[in-house]
Amino acid sequence: MTQAPTPTADTVRRLVRSLLKEGGDGTGGPDVRPVTEGGEHSTWWVGTRHVLRLAPDREASLRQRRELRLRDVVRPHLPVAVPASVAHGEWAPGLGYTLDTVLPGGTAEEHDVSAVGEADLAGLLTGLRAVPARQAEGLGVPRTAPRSLEALRRMAVHAAERLDAADEFDAARLHQLTPPAAAQLTAQPGTAVLVHHDLKGEHLVVGTDGRVRGVLDWTDAALGDPAEDIAGLVLAVGSGAAVRAATLAGYGARPCLRGLWLARCDTVIRLTDRIEGRDDSPLPLLRTQLDRAWEPILLERLTDFKEDEAEP
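Per UniProt numbering, the sequence shown starts with residue 1, numbered consecutively.
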């Protein structure tokens, strides 16, 4: 198997010069520097107005091409911005790139989301639900089966015990999620919608005023469980803000609580993996996400759901 080339600053600089027609004499042109957050696509800042993403393999290239088409489909449905590509193609044989405009603002890791920003998030969830599933499938967006909350709960219980021994977490907190409660929060049939599937803090563009201005990186989008995006928001903005946004978007208690507990179990498992050397994510970020997910909220006290509860 031929190994994919490793992009360098010179590689990026030459490509950018050809795309933006700057520095044609081999000198000058916009400054390029690698993006430290994320990096799945070998991402580079290009000056202050553009970002270049280089797909590292053919599978990533396929997902990137699908993302370009999907962004055009979701854009009319969303109240927040989606990046636009000013150029795309191949940076090496079979390996794609896209040069996107930068959406102004910071990330949800840098700025707190305001009450009006929560309404923006509600509009995001509402807009995703409005995208016709058949249209998304026609672009090649895959369907994903809902995760088993009970299986995740069992993994989290074992992980929590190890965190407890390391004085990182009180394992008793997971006792709130009993096997019957996990069964009650099973994803309901026929509720699959388009989900971003990676709504972490670095993918939410947030202004200094707390408004959510845009959403980045649509390569993991799928037709699946809307609770996954609620879980992503829990990690990005905290339990209270995520559940308020989901409720404002029309989701009932069941998907909100399911998303909350997916996030809580995930944070316990990921922090354990990091401490035990199976994950290289930044430790401060994982601890922050754990704190956000375990914020107490009133809704989690509810244990009864009407079986005929209508969900959008």
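A virtual CB, placed ideally from N, CA and C, is assigned to each residue, including glycine. Because the structure is a prediction, the values reported are computed rather than measured.
Could you pull out every residue in the same chain whose Cβ sits closer than 7 Å to the Cβ of residue i, ignoring the five residues on either side in sequence?
i             : result
glutamate 150 : Pro179, Ala182 and Ala183
arginine 264  : Ala293 and Trp294
cysteine 256  : Ile230, Val243, Ala246, Thr247 and Leu299
serine 114    : Asp209, Gly210 and Arg211
aspartate 273 : Asp279
alanine 9     : Val32
leucine 260   : Val234, Ser239, Val243 and Glu300
alanine 108   : Gly201, Leu204, Val206, Ala236 and Val237
proline 189   : none
Assign residue i to one of three DSSP states: helix, strand, or coil.
i              : result
glycine 207    : coil
valine 131     : coil
proline 104    : coil
glycine 240    : helix
threonine 186  : coil
arginine 213   : strand
serine 85      : strand
threonine 8    : coil
glutamate 150  : helix
glutamate 90   : strand
glycine 39     : Annotation note: pLDDT 48 at glycine 39 (below 50); position unreliable, no value reported.
tryptophan 218 : coil
residue 337    : Summary: the structure shown does not reach residue 337, with the chain confined to residues 1 through 312, and so no result is reported for it.
residue 313    : Since the first residue of the chain shown is 1 and the last is 312, residue 313 is not available in this structure.
valine 32      : strand
leucine 174    : helix
threonine 288  : helix
glycine 47     : coil
threonine 191  : coil
leucine 248    : helix
leucine 223    : strand
leucine 283    : helix
Is residue i buried or exposed, if buried means 16 or more other CB atoms sit within 10 Å of its CB?
i             : result
arginine 286  : The identity of residue 286 in the sequence shown is leucine, whereas the question assumes arginine. That one is buried.
alanine 249   : buried
glycine 127   : buried
aspartate 167 : exposed
proline 7     : buried
alanine 158   : Reading off the sequence, residue 158 comes out as histidine, not alanine. Answer is exposed; the Cβ neighbour count stays below 16.
glycine 214   : buried
valine 284    : Per the sequence presented here, residue 284 reads as proline, with valine not at that position. It counts as exposed.
alanine 241   : buried
aspartate 100 : buried
glutamate 110 : exposed
aspartate 266 : buried
serine 239    : buried
alanine 187   : buried
glutamate 67  : buried
arginine 49   : exposed
arginine 58   : exposed
Using a Cβ-Cβ cut-off of 8 Å (strictly less than) and excluding sequence neighbours within five positions of residue i, which residues of its own chain qualify?
i              : result
leucine 70     : Ala136, Leu139, Val141, Trp218 and Ala221
valine 35      : Thr43, Trp44, Trp45 and Val51
leucine 103    : Ala81, Pro83, Val205, Arg213, Gly214 and Leu216
isoleucine 297 : Ser239, Gly240, Val243 and Leu260
leucine 78     : Gly123, Leu124, Gly127, Leu128 and Val215
Within its chain, find whatever has a CB closer than 6 Å to the CB of residue i; leave out the 5 residues flanking it on each side and keep chain order.
i            : result
arginine 258 : Leu185 and Ala227
arginine 13  : Val32
leucine 290  : Thr267 and Leu271
Under 8 Å by Cβ, that's how I've got residue i and residue j pegged, so tell me the actual separation to the nearest angstrom.
i                 : j           : result
arginine 143      : glycine 89  : Contact doesn't hold; Cβ gap of about 29 Å is too wide.
leucine 262       : alanine 236 : In fact, because the Cβ distance is near 14 Å, the residues do not count as touching under 8 Å.
alanine 4         : proline 56  : 6 Å
leucine 194       : alanine 156 : Between alanine 156 and leucine 194 the Cβ distance is about 27 Å, and since that is not below 8 Å, they are no contact.
phenylalanine 169 : valine 73   : Going by Cβ atoms, the distance from phenylalanine 169 to valine 73 rounds to 41 Å, so no, they are not a contact pair.
tyrosine 97       : leucine 152 : Rounded, the Cβ-Cβ distance is 36 Å, inconsistent with contact.
leucine 20        : proline 30  : 7 Å
Query raised in the report: Are the stretch 109-125 and the stretch 157-168 touching by the rule of at least three beta carbon pairs closer than 8 Å?
Result: No, the stretch 109-125 does not touch the stretch 157-168.
Requested in this report: Count the CB pairs spanning the stretch 54-62 and the stretch 194-210 that are closer than 8 Å, and state whether there are at least three.
Outcome: Contact between the stretch 54-62 and the stretch 194-210 is absent, because fewer than three Cβ pairs lie under 8 Å.
Report task. Could you tell me whether the stretch 169-179 touches the stretch 80-98, where touching means 3 or more Cβ pairs closer than 8 Å? Result -> Judged by Cβ distances under 8 Å, the stretch 169-179 makes no contact with the stretch 80-98, as fewer than three pairs qualify.
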